[in-house]
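Be aware that the sequence shown starts at 1, since it is given in my numbering, and climbs by one per residue. Quick notes on the structure that follows.
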Amino acid sequence: MNTETLSFLLTWTPFLLQGFLWNIFIAVCAVALGSLMGAGLAWLRVTRQGRIAAIAERVSTFLRGVPTLALIFYAVFVLPSEFTLPGSGVALHVPQWVKAVIGLSAAPLSFTSESLVVAHRAWRRGDIGAALLFIPTWINVFLISFIASSASSLVGVSELVSRCNTVIAATGTSVMVPVYIYCSFYFVVTALVFTALVGRFKTSAFMAGVQRRLTLSHARSSKR
């Protein structure tokens with residue numbers, strides 16, 4: 001990479017970083033939404049019997065098998081671009097990033113539902129270590145959603161990949177390869193750092209202390 005190319009990339013870095021922040025924001029929102037709904041499905045599966053539990057399980061299984069990109073396009077083309085509040089006449093616009101969040105939330109929803117059910121069964125058996133594995137593996141869901149958030153560029157969200165295309169369109173295809181390589185480092189470096197932090201978290205004194213306290217608590221409650 002020559003000096004001219006490096007200077008070019010540095011010039012566009014603030015613009016690209018704004019798009020990168022959109023990727024992070026969309027991933028956080030998708031994981032938060034999906035986790036809340038997934039926890040609700042898991043609760044139905046472990047506390048209800050019969051049809052309700054079966055429906056919750058089928059919803060979780062179905063969403064696990066649907067491609068994220070298909071769900072994003074479905075959300076974009078099916079959900080309205082704006083809606084009117086009943087009785088007020090006020091029209092609210094629904095931005096594309098909201099629809100992308102809804103589409104991306106399916107994966108964390110399914111994962112949270114399945115993992116919480118497994119963790120609940122492990123807890124009932126007294127296997128606290130297996131139950132606590134839900135925490136670090138759930139954290140990895142954010143990383144998966146973060147990488148998948150680049151698909152939101154296909155529906156008009158101005159995130160990192162979309163801004164790469166904007167830079168290339170404005171300056172010419174001669175910089176296409178350096179721009180894409182440079183932006184790929186954003187995802188690669190973030191993924192490596194995040195993976196390292198998750199690995200340290202799994203073996204941290206905090207996790208060991210939590211497991212020890214929960215094991216004692218579970219043992220006391222079992223004796224009652």
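Glycine is no exception: its CB is placed at the ideal position from the N, C-alpha and C atoms.
Proximity of the segment 170–179 to the segment 30–40 falls short of the contact definition, fewer than three beta-carbon pairs being nearer than 8 angstroms. Annotation for L92: the continuous beta strand (DSSP E) segment containing it runs 91–93. For T61, the enclosing alpha helix (DSSP H) covers residues 51–65. Bridge pairing for E82: H93 [DSSP]. Cβ atoms of S60 and S105 stay farther apart than 8 angstroms, at about 13 angstroms. C-alpha of W12 to C-alpha of V167: approximately 8 angstroms in a straight line.
Around the beta-carbon of E4, fewer than 16 other beta-carbon atoms lie within 10 Å, marking it exposed.
Each of G199, Q18, L160 was checked against the Cα of I181, and the nearest Cα belongs to L160. Of the residues assessed, L71 falls on the buried side of the cut-off, its CB having 16 or more other CB atoms within 10 angstroms. Between A191 and V117, the C-beta gap is not smaller than 8 angstroms, which leaves the two residues out of contact.
For E4, the uninterrupted alpha helix (DSSP H) run begins and ends at 3–47, by DSSP.
Distances from the CA of S221 to each of A53, F73, W123, G156 were compared; the closest alpha carbon is that of W123. Three or more pairs of CB atoms, one per stretch, sit closer than 8 angstroms, so the segment 205–218 contacts the segment 132–148. Separation of F15 and R163 (C-alpha to C-alpha, rounded to the nearest whole angstrom) is 8 angstroms. Between G38 and P108, the C-beta spacing is below 8 angstroms. Setting aside the 5 residues that flank it on each side, F20 is surrounded in the same chain by L160, Y186, each with a C-beta closer than 7 angstroms to its C-beta; the list follows chain order. Counted as a single uninterrupted DSSP element, the alpha helix (DSSP H) harbouring V117 occupies residues 106–125. The beta carbon of A119 is closer than 6 angstroms to those of A131, F134 in its chain, skipping five residues each way along the sequence.
Collapsing the DSSP output to three states places T203 in coil.
In this structure, the CA atom of A196 is about 17 angstroms from the CA atom of S145. Residue burial annotation: T47 is exposed, with fewer than 16 other C-beta atoms found within 10 angstroms of its C-beta.
In the DSSP assignment, A151 falls outside any alpha helix (DSSP H), carrying neither H nor E.
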